[in-house]
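Since the structure comes first, as structure tokens, the remarks are kept for the end.
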Amino acid sequence: MTTKDVLLDLRTKSGMSQDELAEKVFVTRQAVSRWENGDTVPNTDTLKLLSNLFDVSINTLLGAPRQLVCQCCGMPLEDAIIGRNKDGSMNEDYCKWCYADGTYTYSNMDDLIDVCA
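In this text, residue positions in the sequence shown follow our numbering: the first is 1186, and each later residue adds one.
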């Protein structure tokens, strides 16, 4: 999927109009229309807002151009298992089992090996 398709799909599944989405991420309805037509893509700050709003990773918003992998345990990441920062935003570097609420679950490699083995 491309960014335009992902945004249109997420917006319609959420039952939002372009105006409602625009208001939630502080842009114009025309900006949302341009994203959904594929004329432009949201800027970095807006991608962060959209990620939090729809509870999906920025990688997903961009059409999943790369496979995310946990930098601790090596598990392939999908939106449902991505770790969270203290503010609730997604941390696309770690899974929820290695990193949760802004802290690392394992204090050393031996702890991680014990859990995985």
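Cβ coordinates follow ideal geometry from the N, Cα and C atoms, glycine included. Treat the numbers as computed from the prediction; the structure is a model and nothing was measured.
request  = Reducing DSSP to helix, strand and coil, say where Ala1302 ends up.
outcome  = coil
ask   = Going by C-alpha distance, which of Gln1215, Val1212, Ala1249, Met1260 is nearest Asp1190?
value = Ala1249
inquiry  = Is it buried or exposed, Arg1251, if we count other Cβ atoms within 10 angstroms and call 16 or more buried?
reply    = exposed
message = Measuring only the C-alpha atoms, how far is Val1212 from Cys1301?
response = 45 Å
Extent of the continuous alpha helix (DSSP H) run through Glu1263 = Where Glu1263 is concerned, there is no enclosing alpha helix (DSSP H), given that its DSSP letter is neither H nor E.
key: Tyr1289 and Leu1297 closer than 7 Å at C-beta   = Not a contact, by the Cβ cut-off of 7 Å.
key: Buried or exposed by the 16-neighbour rule on C-beta atoms within 10 Å, applied to Asn1293   = exposed
Candidates Ala1285, Asp1286, Leu1247, of which the one nearest Leu1195 by Cα = Comparing Cα positions, the closest option is Leu1247.
key: Proximity to Met1260 [Cα-Cα], best of Ile1243, Cys1283, Val1241, Thr1245   = Cys1283
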